[in-house]
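**Student:** This structure is in structure tokens; I'll ask about it shortly.
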Amino acid sequence: MTGCGRLCSAIVYCSLVKPFYIFNTLSRNVEQFRPGHPPTVTYYSCGPTVYLPQHLGNMRAYVFVDTLKRALRFNGFQVHHVMNITDVGHMTSDADGGEDKIEKTARAEHKTPQEVADFYIAQFKRDCARLNIELPQPPMLCRATDHIGDMIDLIKRILDRGLAYVTPSGVYFDVEKWRGPSQLGRLSRQSLAEQDAGQRLEHSPDKKSPHDFALWVLNQPNHLMQWDSPWGRGYPGWHIECSAMSMKYLGPTLDIHSGGLDHIPVHHENEIAQSEAATGRPFVRYFVHNAFLVGMEGVKISKSAGKFPVLDDLTDEGLNPLAFRLLCFGAKYRSELAFSLEAVRAAQRNLDYLLEFVRNLGGEAVDTVDDSGWVSAYAERFHEAINNDLNTPQALACTLEMVAESYRRRDFRVWNTLRRFDTLLGLNLEQFLQQTREAIFPAEILRLRDEREQARRARDFDRADQLRRELEARGYQIRDSKTGSVLMPKRVAP
Ligand SMILES: [Zn+2]
Numbered sequence: 004m005t006g007c008g009r010l011c012s013a014i015v016y017c018s019l020v021k022p023f024y025i026f027n028t029l030s031r032n033v034e035q036f037r038p039g040h041p042p043t044v045t046y047y048s049c050g051p052t053v054y055l056p057q058h059l060g061n062m063r064a065y066v067f068v069d070t071l072k073r074a075l076r077f078n079g080f081q082v083h084h085v086m087n088i089t090d091v092g093h094m095t096s097d098a099d100g101g102e103d104k105i106e107k108t109a110r111a112e113h114k115t116p117q118e119v120a121d122f123y124i125a126q127f128k129r130d131c132a133r134l135n136i137e138l139p140q141p142p143m144l145c146r147a148t149d150h151i152g153d154m155i156d157l158i159k160r161i162l163d164r165g166l167a168y169v170t171p172s173g174v175y176f177d178v179e180k181w182r183g184p185s186q187l188g189r190l191s192r193q194s195l196a197e198q199d200a201g202q203r204l205e206h207s208p209d210k211k212s213p214h215d216f217a218l219w220v221l222n223q224p225n226h227l228m229q230w231d232s233p234w235g236r237g238y239p240g241w242h243i244e245c246s247a248m249s250m251k252y253l254g255p256t257l258d259i260h261s262g263g264l265d266h267i268p269v270h271h272e273n274e275i276a277q278s279e280a281a282t283g284r285p286f287v288r289y290f291v292h293n294a295f296l297v298g299m300e301g302v303k304i305s306k307s308a309g310k311f312p313v314l315d316d317l318t319d320e321g322l323n324p325l326a327f328r329l330l331c332f333g334a335k336y337r338s339e340l341a342f343s344l345e346a347v348r349a350a351q352r353n354l355d356y357l358l359e360f361v362r363n364l365g366g367e368a369v370d371t372v373d374d375s376g377w378v379s380a381y382a383e384r385f386h387e388a389i390n391n392d393l394n395t396p397q398a399l400a401c402t403l404e405m406v407a408e409s410y411r412r413r414d415f416r417v418w419n420t421l422r423r424f425d426t427l428l429g430l431n432l433e434q435f436l437q438q439t440r441e442a443i444f445p446a447e448i449l450r451l452r453d454e455r456e457q458a459r460r461a462r463d464f465d466r467a468d469q470l471r472r473e474l475e476a477r478g479y480q481i482r483d484s485k486t487g488s489v490l491m492p493k494r495v496a497p
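The sequence shown begins at 4 in this note's numbering and counts up by one.
Below is the structure:
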């Protein structure tokens, strides 16, 4: 990194000089990102509904969430990320009525709703790990059923402010009263009449208006999952969990809230309404929405469309899951991304090209030398690309071009920059380099490394130093870092 000076680290320097821009659905503009309390960023993303496997369209959205988080960290921000897991409450029609999807699967598979949810949560976590998507840790990865009390408290606050009403079939949010004279939705910028055209509204005779949505559902005796509430036994409506859990962990105003484009007119509009109705404060500073993965025919890949590909379909074809991650970088998050096996195979070729480069670096002590001067132009371009509304196609192109130039110049002093790029790309390049080295280091050297590691853990520093000297005498060096010790050859790359 150029120009950092002695006083500040590269990361701090970059966060000072490079503003991060992101498209805010609230303003319909690309805006400079300014969190409420820098360097902390509070970020909530709508998570999975766990009654079916997450298909690749879903996984594209989670790759996007992960990339946004990494981009913020790349810029020196500290991200507090919360993601929900919907294990109750989504109806088959996404309207207020119908059957809960988890219960529907539970009946079909003769399982309890809890067993259905646990099964698909485990599968979701496994697929995220294979795609190198870093999920928040519990309680920040939060299940709706663990937060029923928080939802009830929030509904009480909305009732206290006169923006909801209780009926025999449920507690409803008073949408027309909330929206006021214009009746416009803040995110969708649609009036209620315009919104009607795009959705099928369930009309309950208890509702003042068909636009009102349920905060709490009552008198549905066939529903398996029920909880006591001040209004009677029932279960939450499907928007309230996101408001309750995001504000519980991140406070009343979130810096960023993300989700799929399909959430704009109803789910997110309703989240804003019920959150702000309860707190009287702005709910979200930046609403960020991702576009869909589409099949060859341009059809959105979704659960309701029937057959949809999942990550296992790719691994069954012998493809590396990270090739799908790399495919996602090929389009900007706000553009549709065309899915085909051929497209994943092309992404795999790019991934293999990068891995091959890293494999060639394995025998060199590339960690200990400074990168060559010409590399800084690529570092600059890469940073500009991601700060320009997360332009991953450009960032990826920049990475591949830097590697190509490294070959052309026969100058491989690029590892520190490539490693930093990979904190955003998440292709596990450092891990791969380490594995490559393990494969080429003699067993005796690895044994000395392990012995030294044990001595270090046992705080026997004399012995550890002795082993270090022994390794050095044999032409190897060891560097201790936060994540452990890195073994490398002493010879420096030419
Ligand atoms: Zn949500």
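For each residue, glycine too, the CB sits at the ideal point set by N, CA and C.
It should be emphasised that the depicted structure is a prediction, and the values quoted were computed from it without experimental measurement.
Please work out which residues of its chain come closer than 6 angstroms, Cβ to Cβ, to S194, disregarding the five sequence neighbours upstream and downstream, and give them in chain order.
**Tutor:** Cβ neighbours of S194 beyond the five flanking positions: Q186 and L187.
**Student:** How big is the Cα-Cα spacing for L399 and V66?
**Tutor:** L399 and V66: Cα-Cα distance of roughly 15 angstroms.
**Student:** Is the distance from the Cβ of I481 to the Cβ of G365 below 8 angstroms?
**Tutor:** Against a cut-off of 8 angstroms, the Cβ pair of G365 and I481 comes out as no contact.
**Student:** Give every residue of the same chain whose Cβ lies closer than 8 angstroms to the Cβ of S261, excluding the five residues on either side of it in the sequence, and list them in chain order.
**Tutor:** Excluding positions up to five away in sequence, the list reads Y46, Y47, S48, C49, F67, V68, L71, F290, V291, H292 and N293.
**Student:** Does DSSP put Y175 in a helix, a strand or coil?
**Tutor:** It is a strand residue.
**Student:** Can you list, in chain order, the residues of its chain whose CB lies under 7 angstroms from that of R63, leaving out five sequence neighbours each side?
**Tutor:** Answer for R63: L296, C331 and L340, listed in chain order.
**Student:** Could you tell me whether the segment 341–356 touches the segment 370–389, where touching means 3 or more Cβ pairs closer than 8 angstroms?
**Tutor:** With a cut-off of 8 angstroms, the segment 370–389 and the segment 341–356 do not count as touching, because too few Cβ pairs lie within range.
**Student:** Using only alpha-carbon positions, find the residue among R460, L264 and I124 that is nearest to Y336.
**Tutor:** With distances taken between Cα atoms, Y336 lies closest to L264.
**Student:** Please report how far the alpha carbon of V220 lies from the alpha carbon of L421, in whole angstroms.
**Tutor:** Using only the alpha carbons, I get a separation of about 52 angstroms.
**Student:** Collect the residues with a C-beta less than 5 angstroms away from any heavy atom of ligand 1 and give them in sequence order along the chain.
**Tutor:** In chain order, the hits are C49 and C245.
**Student:** Three-state secondary structure (DSSP) at R146?
**Tutor:** Three-state result, R146: strand.
**Student:** Taking only runs that begin and end inside the segment 350–378, name each unbroken beta strand (DSSP E) of 3 or more residues, in chain order.
**Tutor:** Runs found: none.
**Student:** Going along the chain, which residues of its own chain have a beta-carbon closer than 8 angstroms to the beta-carbon of K21, five neighbours each way excluded?
**Tutor:** Around K21: N78, H386, E387 and N390.
**Student:** Hey, quick one: how far does the beta strand (DSSP E) through A294 stretch, first residue to last?
**Tutor:** Element bounds for A294: n/a, residue is neither H nor E.
**Student:** What are the boundary residues of the alpha helix (DSSP H) that includes A442?
**Tutor:** Looking at the DSSP string, the run of the alpha helix (DSSP H) that includes A442 is L432 to I443.
**Student:** Quick one: complete alpha helix (DSSP H) runs, 4+ long, within the segment 44–99?
**Tutor:** List check, alpha helix (DSSP H) in window: 59–77.
**Student:** Using three-state DSSP, classify G183 as helix, strand or coil.
**Tutor:** Looking at G183 - three-state DSSP - the assignment turns out to be coil, as it is neither helix nor strand.
**Student:** Which residue marks the beginning of the beta strand (DSSP E) containing F35, and which one marks its end?
**Tutor:** In the sequence on display, residue 35 carries Gln and not Phe. Its beta strand (DSSP E) spans residues N32 to Q35.
**Student:** Could you pull out every residue in the same chain whose Cβ sits closer than 6 angstroms to the Cβ of D97, ignoring the five residues on either side in sequence?
**Tutor:** Because D97 carries a pLDDT of 42, less than 50, the predicted location of this residue cannot be relied on, and the following value inherits that uncertainty. Excluding residues within five positions, none has a Cβ falling inside 6 angstroms.
**Student:** Look up A167 in the DSSP assignment and say whether it is helix, strand or coil.
**Tutor:** DSSP places A167 in strand when its eight states are reduced to three.
**Student:** Below 8 angstroms on the Cβ atoms is my guess for L329 versus N363; work out the distance and round it to an integer in Å.
**Tutor:** Not quite, the Cβ-Cβ distance comes to about 19 angstroms (not below 8 angstroms), so this is no contact.
**Student:** Which residue from L325, V361, S338 and A217 puts its Cα closest to that of A349?
**Tutor:** Selected option, being the one with the closest Cα: L325.
**Student:** Tell me which same chain residues have a C-beta within less than 6 angstroms of the C-beta of F286, skipping the five on either side of it?
**Tutor:** Only I275, S278 and E279 meet the Cβ criterion.
**Student:** Short of 6 angstroms in beta carbon distance, which residues of its chain neighbour F23, apart from the five on each side in sequence? Order them along the chain.
**Tutor:** Result list for F23: F36, N78 and N390, in chain order.
**Student:** Taking only the alpha-carbon atoms, compute the straight-line gap between P396 and G39 and give it to the nearest angstrom.
**Tutor:** Taking the straight line joining both Cα atoms gives about 29 angstroms.
**Student:** What does the Cβ neighbour count give for N222, buried or exposed, with the cut at 16 atoms within 10 Å?
**Tutor:** It counts as exposed.
**Student:** Figure out for me which residue from S172, L218, Y252 and I259 has the closest Cα to the Cα of Q140.
**Tutor:** Among S172, L218, Y252 and I259, the Cα nearest to that of Q140 is on Y252.
**Student:** Is L218 closer than 8 angstroms to V174 when the C-beta atoms are compared?
**Tutor:** Yes, these two residues count as a Cβ contact at 8 angstroms.
**Student:** Is it true that the segment 147–167 meets the segment 240–257, where meeting means three or more beta-carbon pairs spaced less than 8 angstroms apart?
**Tutor:** A contact exists between the segment 147–167 and the segment 240–257.
**Student:** Expressed to the nearest angstrom, what Euclidean distance is found between the alpha-carbon atoms of L490 and E433?
**Tutor:** If you take the alpha carbons of L490 and E433, they lie about 13 angstroms apart.
**Student:** Would you grab the beta carbon distance between S375 and V417 for me? Rounded to a whole angstrom, and I think it's under 8 angstroms.
**Tutor:** That belief holds up - the Cβ atoms of S375 and V417 are roughly 7 angstroms apart, short of 8 angstroms.
**Student:** Using the rule of at least 16 other Cβ atoms within 10 Å of the residue's Cβ for burial, across every protein chain shown, is F464 buried or exposed?
**Tutor:** The residue in question, F464, is exposed, as its Cβ has fewer than 16 Cβ neighbours within 10 Å.
**Student:** Note down, one range per segment and in chain order, each beta strand (DSSP E) of at least 3 residues found wholly within the segment 198–238.
**Tutor:** Entirely contained in the segment 198–238, the beta strand (DSSP E) runs reaching 3 residues are, in chain order, 216–221.
**Student:** Mind checking which residues open and close the beta strand (DSSP E) that includes I25?
**Tutor:** Y24 to N27 is the extent of the beta strand (DSSP E) around I25.
**Student:** As a quick exercise: from G152, S409, I259 and I151, pick the residue whose alpha carbon is nearest that of I26.
**Tutor:** The question names Ile, yet the displayed sequence has Phe at residue 26. Cα-wise, what sits closest to F26 is I259.
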